[in-house]
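Undergrad: What follows is a structure written as structure tokens; I'll ask about it next.
Protein chains: 2
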Amino acid sequence: MASEPKTIGAVERTLAIVQALERLGGAGASEVARELSLSKSTVYTHLNTLHANGYLVKSDGSYSLSCRFLRLGSTVQQSFDLYGRGKPVVDELATETGERTNLVVEEAGRGTCLHAADATGSTDIYMSPGERWPMHATATGKAILAHLPVERVDDIVDEHGLPSLTEHTITTREALDDELETIRQTGVSFDEQEAVEGLRCLSSPVLVDGNPLGSVSVSGPARQFTDSDRERELVDALREAVNVVQLKFVFS
Amino acid sequence: MASEPKTIGAVERTLAIVQALERLGGAGASEVARELSLSKSTVYTHLNTLHANGYLVKSDGSYSLSCRFLRLGSTVQQSFDLYGRGKPVVDELATETGERTNLVVEEAGRGTCLHAADATGSTDIYMSPGERWPMHATATGKAILAHLPVERVDDIVDEHGLPSLTEHTITTREALDDELETIRQTGVSFDEQEAVEGLRCLSSPVLVDGNPLGSVSVSGPARQFTDSDRERELVDALREAVNVVQLKFVFS
DNA sequence: CTCTCCGTTCACCAGGGTCGAAAGAGATAA
DNA sequence: TTATCTCTTTCGACCCTGGTGAACGGAGAG
């Protein structure tokens, strides 16, 4: 904190511009300059650099992120062993249960979506690939936290705190530890509208040699999940799915 | 060509480093420096900048691309109307035919994969999202080219030429034009090992108001496609799939 | 027509990016 | 244990280069 290591201003400007383009879904130099309070010509040079290297596409003087980013993202995704093994299972879990499912890993202390599936195969999903959520407020995050070494949990809580996202979010370390203990015993974690109002989610960690490589989840509108028979069904399906994924690691 | 517009060296260095990390699948500062013939300390500062902004994850002094890229890629993917409408159909086409399927768009004169599906839902795919191929050598590319204005085709051929990828690749403009005319008449394009030895592929363009928004393809080992009954089956399935996608654009 | 806003270009100057050397930090071997 | 190697990380200084504002040409709008 005291003295940040040296960084390159020009690069950070470019990154800010990329993020602005992501947010705006494509824009011209002037618009980005206004958005970021930078000079028009500066932004123009940056856009030009990105474009010349194939990272942007230009149409009618408006720039937007090119599929080069899709390529990079896809490479990152496929670099996870968990993705190759988990994706088919998570897809099938979605069709089997008729609910939305996710494959999540921990990155930099946050739960990051590796893959999302939907019963209809549609792309209208709650959490899309690369999206990040605080771990203490999601079923997927808690499932992973429950099997992480205590020091890691300490670090993560220290870094990100326990911010409240809804009135149901766990906000004290004691309550969190209790919950994690329960999760370790039952093998399943729940998110009772703790991250998003009206969204319920259940999850189970993918454990290989005791390490949580990630977690799988099933989620849907809170009211559809209240039936306890239905819940048992979902938990069973989830448990079996995770079991299948874990077996794929045993038979490397 | 004569005078390239101004670009920013520092940013291009960072982009080169990102590409190196993509290629190497993660590396330390020294390795990247060696790879790119840059000074260790320069690379270190760049890595540090990317890391401080969340674009890299560090483990054991080795840096690799973070899921931030997955997020960006996912955003790009979802920015295509064709993705939202085409993905479920392409997925179903894969399970229906038992073959691998792709959803492709044109970007910067190259065929770019927007989505890839596999009968087994596995991730072992010929062409993965963001991957780019010359248009003249692929069924998907030719399907799009056939419905692009002639000037666009001229531009693309001027820019990229007609490089030979296998001994079956079309390498003359005359042969290409003939092929495109045939495709316009039949509505289906074929790739007879023109891009990859041993790989056969058939494709059909997604036309909305006469514009080729992209194309859908079915592909597999050349020898499995030789049966003409099987081919007719695949062509029918492909045609129907494309038809479904196009209808989704009509009923916006 | 004028006015405005855009993308794009240019030349100047100072801030900053690059580089080499050297200091920590581990690992391995003797 | 010490020596040696390699890697990451730090530091200072030089010179380059990235930022800037003004200006040009064009496209729309009124």
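If you read the sequences in order, they're chains A and B. Taking the UniProt record's numbering, the leading residue of the first sequence gets 1, the next gets one more, and so forth. Taking the UniProt record's numbering, the leading residue of the second sequence gets 1, the next gets one more, and so forth. Every residue, glycine too, gets a C-beta built ideally from N, C-alpha and C. All figures in this text were calculated on a predicted structure; none of them were measured in a lab.
(1) Using a Cβ-Cβ cutoff of less than 7 angstroms, which residues in the same chain neighbour E96(B) once the five nearest sequence positions on both sides are dropped?
(2) For the candidate residues E35(B), L36(B), S37(B), S62(B), whose alpha-carbon lies nearest to that of N48(B)?
(3) In whole angstroms, what is the alpha-carbon distance linking A2(B) and G86(B)?
(4) If you measure between the beta carbons of E99(A) and T75(B), is that distance less than 8 angstroms?
(5) Are any of the Cβ atoms in chain B nearer than 8 angstroms to that of A2(A)?
(6) Return the CA-CA distance between A10(A) and N53(B), expressed in angstroms with no decimal places.
(7) Can you name the start and end residues of the alpha helix (DSSP H) that P88(A) belongs to?
(8) If you draw a straight line from the C-alpha of V150(A) to the C-alpha of D177(A), how long is it?
(9) Can you tell which of H46(A), T14(A), L15(A) has the C-alpha that lies nearest to the C-alpha of K6(B)?
(10) Which partner residues does T101(A) have in the DSSP bridge list?
(11) In whole angstroms, what separates the C-alpha of T120(A) from that of D118(B)?
(12) Let's see if you can read the secondary structure: which residues bound the beta strand (DSSP E) around S62(A)?
(13) Would you kindly check if the distance between the Cβ of L56(B) and the Cβ of S41(B) is under 8 angstroms?
(14) Give a yes or no on whether 8 angstroms exceeds the smallest Cβ distance from N102(A) to chain B.
(15) By the criterion of Cβ-Cβ separation under 7 angstroms, what are the contact partners of Q77(B) in chain A?
(16) Using 8 angstroms as the threshold, is the segment 153-162 of chain B in touch with the segment 207-214 of chain B, meaning 3 or more CB pairs across them?
(17) Determine the chain B residues that contact V11(A) at a beta-carbon separation under 7 angstroms, and present them in chain order.
(18) For S79(B), which of L114(B), V89(B), S59(B) has the nearest alpha-carbon?
(19) Quick one: grab the DSSP three-state call for D209(B).
(20) Quick check on the burial criterion: 16 or more other C-beta atoms within 10 angstroms. Buried or exposed for S204(A)?
(21) Could you tell me whether the Cβ of A237(A) comes closer than 8 angstroms to any Cβ of chain B?
(22) Tell me, please, whether the CB atom of L65(A) is closer than 8 angstroms to any CB atom in chain B?
(23) Between P134(B) and R110(B), how many whole angstroms is the CB-CB distance? I'm expecting something under 8 angstroms.
(24) Report the neighbours of S74(B) on chain A: residues whose CB is nearer than 7 angstroms to its CB, in chain order.
(25) Taking the alpha carbon of T171(A) as the reference point, which residue from R232(A), H136(A), V43(A), V188(A) has its own alpha carbon closest?
TA: Looking at the atomic coordinates:
(1) Taking the first residue of the second sequence as 1, we reach residue 96(B) at position 96. Once the five neighbours on either side are set aside, the close Cβ partners of E96(B) are A237.
(2) The residue labelled residue 48(B) in the question sits at position 48 within the second sequence. Closest option to N48(B), Cα to Cα, is S62(B).
(3) As a first step, residue 2(B) must be located in the second sequence, where it is residue number 2. As a first step, residue 86(B) must be located in the second sequence, where it is residue number 86. Only weak support exists for where A2(B) lies, its pLDDT of 38 falling under 50; the coordinates are left without a value.
(4) For this step, residue 99(A) is matched to residue 99 along the first sequence. For this step, residue 75(B) is matched to residue 75 along the second sequence. No, the pair does not count as a contact, with Cβ atoms beyond the cut-off.
(5) Working through the first sequence from its first residue, we reach residue 2(A) at position 2. Low confidence applies here, because A2(A) scores a pLDDT of 36, under 50, leaving its location unreliable; read the following figure in that light. For A2(A), no Cβ of chain B is located within less than 8 angstroms of the residue's own Cβ.
(6) Mapped onto the first sequence, residue 10(A) falls at position 10. Mapped onto the second sequence, residue 53(B) falls at position 53. Roughly 13 angstroms between the two C-alpha positions.
(7) Here residue 88(A) is taken as the residue at index 88 of the first sequence, counted from 1. Counting along the chain, the alpha helix (DSSP H) containing P88(A) begins and ends at 81-97.
(8) By 1-based counting over the first sequence, the position of residue 150(A) is 150. By 1-based counting over the first sequence, the position of residue 177(A) is 177. Going from the Cα of V150(A) to the Cα of D177(A) covers about 10 angstroms.
(9) For this step, residue 6(B) is matched to residue 6 along the second sequence. Ranking H46(A), T14(A), L15(A) by Cα distance to K6(B) puts H46(A) first.
(10) Residue 101(A) sits at position 101 when you count from the first residue of the first sequence. T101(A) is bridged to A117(A), V218(A).
(11) Along the first sequence, one-based indexing puts residue 120(A) at 120. Along the second sequence, one-based indexing puts residue 118(B) at 118. Computed Cα separation, rounded: 16 angstroms.
(12) By 1-based counting over the first sequence, the position of residue 62(A) is 62. Counting along the chain, the beta strand (DSSP E) containing S62(A) begins and ends at 62-65.
(13) Here the question's residue 41(B) lines up with position 41 in the second sequence. Here the question's residue 56(B) lines up with position 56 in the second sequence. The answer is no: Cβ separation not under 8 angstroms.
(14) By 1-based counting over the first sequence, the position of residue 102(A) is 102. With 8 angstroms as the cut-off, N102(A) does not count as an interface residue toward chain B.
(15) Along the second sequence, one-based indexing puts residue 77(B) at 77. Ordered by position in chain A, the residues that pass the 7 angstroms Cβ test against Q77(B) are L70.
(16) No, the segment 153-162 of chain B does not touch the segment 207-214 of chain B.
(17) As a first step, residue 11(A) is located in the first sequence; it is residue number 11 there, counting from the start. Near V11(A) (Cβ distances below 7 angstroms), the residues of chain B are A10, V11, T14, H46, T49.
(18) The residue labelled residue 79(B) in the question sits at position 79 within the second sequence. The residue with the shortest Cα to Cα distance from S79(B) is L114(B).
(19) Counting from one through the second sequence, the residue named residue 209(B) turns up at place 209. It is coil, neither helix nor strand.
(20) Taking the first sequence and counting its residues from 1, one reaches residue 204(A) at position 204. Buried.
(21) Position 237 of the first sequence, counted from the first residue, corresponds to residue 237(A). Not closer than 8 angstroms to any Cβ of chain B, the Cβ of A237(A) fails to qualify, so no.
(22) Residue mapping note: residue 65(A) aligns to position 65 of the first sequence, counting from 1. Closer than 8 angstroms to some Cβ of chain B, the Cβ of L65(A) qualifies, so yes.
(23) Position 134 of the second sequence, counting from 1, holds the residue named residue 134(B). Position 110 of the second sequence, counting from 1, holds the residue named residue 110(B). Rounded, the Cβ-Cβ distance is 6 angstroms, consistent with contact.
(24) Working through the second sequence from its first residue, we reach residue 74(B) at position 74. Neighbours of S74(B) on chain A, chain order: G73, S128, P129, G130.
(25) Here residue 171(A) refers to the residue found at position 171 of the first sequence. T171(A) has its Cα closest to that of H136(A), out of R232(A), H136(A), V43(A), V188(A).
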